[in-house]
Amino acid sequence: MTSGIPRTHFAIIGAGLAGATFSHFAHQQGFECIVLEKSRGTGGRAGSKRLGEYSVDLGASIISFGDEELTDLREVLLENQVIERWQSAYVGVPRMSSIARFLIQDSPLLTETKVHHIERQGSKWLLRDEKYQPICLTEHVVIATPAMQSAMLLATIPNSGALLQFANQAGSQTQPQWSMWVTTEPTDSAPLRPCQHPILESLIKDSDKPQRVAGSMETWVIQASPQWSKTHLDTPKEDVKSILIEAFTDATSSTVKESGDPHRWLLGRQAMALSPSEYFFDNTLNISLIGDWLCQGDAEGAMLSAKFAFEAIQKTLTDTNT
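Numbering (this note's numbering), first residue to last: 325 to 646.
Here you go:
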């Protein structure tokens with residue numbers, strides 16, 4: 325029975341930057357959206373981890389907003405005090421997840437809702453969860469998840485072979501990444517440090533970002549290299565913690581005072597965007613794919629992919645109605 329479930333124009337699977345950006349542009353043009361997220365919060369890999377009264381960004385650290393296509397959106401975020409300039413780029417304030425939360429604010433958001441199956445229901449799509457219970461009925465499905473997760477969803481959809489094949493190929497370029505936070509005494513170190521190190525990729529002084537809680541200690545985020553992370557994918561967390569702390573101390577000559585458990589992003593990075601297009605839109609199926617894995621492989625690319633996809637879909641809808 326589907327009589328009691330929500331109905332919408334766009335069902336967006338994933339509340340990361342791509343899904344959030346798509347919902348923002350769609351709502352601006354008067355389209356109803358429902359955003360479905362399998363975790364408890366928004367942001368995806370641009371999410372934030374709570375640490376008592378404050379938080380730390382363990383995933384995407386900055387967004388460049390260098391592409392002119394995002395200028396208007398960047399200004400909206402600045403005017404609403406959702407982002408601030410930092411290190412010749414931008415960060416969400418008071419945390420990175422604030423960006424996705426702001427962009428989704430006008431659309432219903434269903435968290436802890438994992439879409440497991442997508443099936444035809446007349447001319448629309450019925451989305452079901454892992455218990456095969458109906459979630460919503462929609463005219464368009466927008467899949468805003470990493471390539472491997474997109475492939476798993478597409479595998480449930482008849483006649484999606486071309487999209488499925490490409491998502492599977494792109495998934496082979498997705499890399500894991502270990503990340504963790506530590507605190508140190510105040511230092512003179514640069515706040516954003518790419519590393520030439522066999523274990524580390526970058527070190528980010530998270531407490532230096534605007535509107536972070538100031539204290540007697542500095543908070544750093546350690547991001548391991550994707551190559552090292554892949555090799556140590558199944559290494560116990562305690563061992564990963566010890567190795568990353570030792571590498572951090574070696575790179576900075578700073579003593580770690582406190583530390584959190586490492587977080588393993590299984591689908592943490594896109595090695596390269598292999599797509600000939602920044603998005604995919606099948607106007608026969610009314611299914612779209614968006615995300616950083618289709619465009620640039622970074623946070624800005626996720627937002628660009630969503631913008632370009634919505635513009636293409638809107639044009640199709642306009643042409644159909646004229």
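Note that CB positions come from ideal geometry on N, CA and C, so glycine has one too.
In DSSP terms, what residue i is bridged to
{"i": "G584", "result": "Answer is none; G584 lacks a bridge partner."}
{"i": "F604", "result": "L613"}
{"i": "M504", "result": "I546"}
{"i": "S526", "result": "P518 and Q547"}
{"i": "Q499", "result": "R593"}
{"i": "T332", "result": "T462"}
{"i": "H441", "result": "R452"}
Simplified DSSP assignment, three categories, for residue i
{"i": "Q594", "result": "strand"}
{"i": "T511", "result": "coil"}
{"i": "K639", "result": "helix"}
{"i": "R425", "result": "helix"}
{"i": "D430", "result": "coil"}
{"i": "D563", "result": "helix"}
{"i": "L628", "result": "helix"}
{"i": "L557", "result": "coil"}
{"i": "E570", "result": "helix"}
{"i": "D622", "result": "coil"}
{"i": "T579", "result": "coil"}
{"i": "S447", "result": "coil"}
{"i": "S531", "result": "helix"}
Beta-carbon spacing of residue i, residue j below 9 Å
{"i": "W505", "j": "D530", "result": "yes"}
{"i": "Y414", "j": "I459", "result": "no"}
{"i": "T480", "j": "L591", "result": "no"}
{"i": "A384", "j": "D622", "result": "yes"}
{"i": "V406", "j": "N610", "result": "no"}
{"i": "S656", "j": "E436", "result": "Outside the displayed span of the chain (325 to 646) sits residue 656, for which this structure offers no information."}
{"i": "A494", "j": "W617", "result": "yes"}
{"i": "S540", "j": "P510", "result": "yes"}
{"i": "A571", "j": "I523", "result": "yes"}
{"i": "W544", "j": "T573", "result": "no"}
{"i": "G340", "j": "T469", "result": "yes"}
{"i": "T366", "j": "A626", "result": "no"}
{"i": "H521", "j": "S484", "result": "no"}
{"i": "R588", "j": "S566", "result": "no"}
{"i": "I337", "j": "G343", "result": "yes"}
{"i": "D532", "j": "P515", "result": "yes"}
{"i": "R612", "j": "I467", "result": "The question names Arg, but residue 612 is Ser in the sequence shown. Yes, the Cβ-Cβ distance between S612 and I467 is below 9 Å."}
When the options are compared against residue i, the one with the closest alpha-carbon
{"i": "K631", "options": "H348, R331, I336 and L402", "result": "H348"}
{"i": "V439", "options": "L360, I569 and E393", "result": "L360"}
{"i": "R369", "options": "K639, P500 and A514", "result": "P500"}
{"i": "G390", "options": "T642, D563, E624 and Q493", "result": "E624"}
{"i": "K639", "options": "C619, G371 and F605", "result": "F605"}
{"i": "V380", "options": "M420, L450, K362 and C519", "result": "M420"}
{"i": "Q535", "options": "R517, G354, R409 and E454", "result": "R409"}
{"i": "S601", "options": "H333, P586, D585 and A636", "result": "A636"}
{"i": "Q352", "options": "D512, T642, V580 and F634", "result": "F634"}
{"i": "S447", "options": "I337, R331 and L628", "result": "R331"}
{"i": "R444", "options": "Q473, T462, S577 and L433", "result": "T462"}
{"i": "D512", "options": "S578, S431, E399 and I428", "result": "S578"}
{"i": "E582", "options": "R398, E542 and D430", "result": "E542"}
{"i": "P594", "options": "L641, K455, T642 and S496", "result": "Reading off the sequence, residue 594 comes out as Gln, not Pro. For Q594, the nearest C-alpha among the options comes from S496."}
{"i": "S412", "options": "E399, S388 and S422", "result": "S388"}
{"i": "G354", "options": "E403, F426 and S431", "result": "S431"}
{"i": "I546", "options": "L402, V537, L394 and L382", "result": "L382"}
Any C-beta of chain D under 9 Å from that of residue i
{"i": "F349", "result": "Included in the structure is just one protein chain, with no chain D present."}
Just list the beta strand (DSSP E) runs in the segment 335-421, keeping only unbroken ones of 3 residues or longer that don't cross its boundaries, in chain order.
357-360, 373-375, 378-380, 407-410 and 413-416
Residue ranges of each alpha helix (DSSP H) run of no fewer than 4 residues wholly in the segment 463-495, ordered along the chain?
471-478 and 485-495
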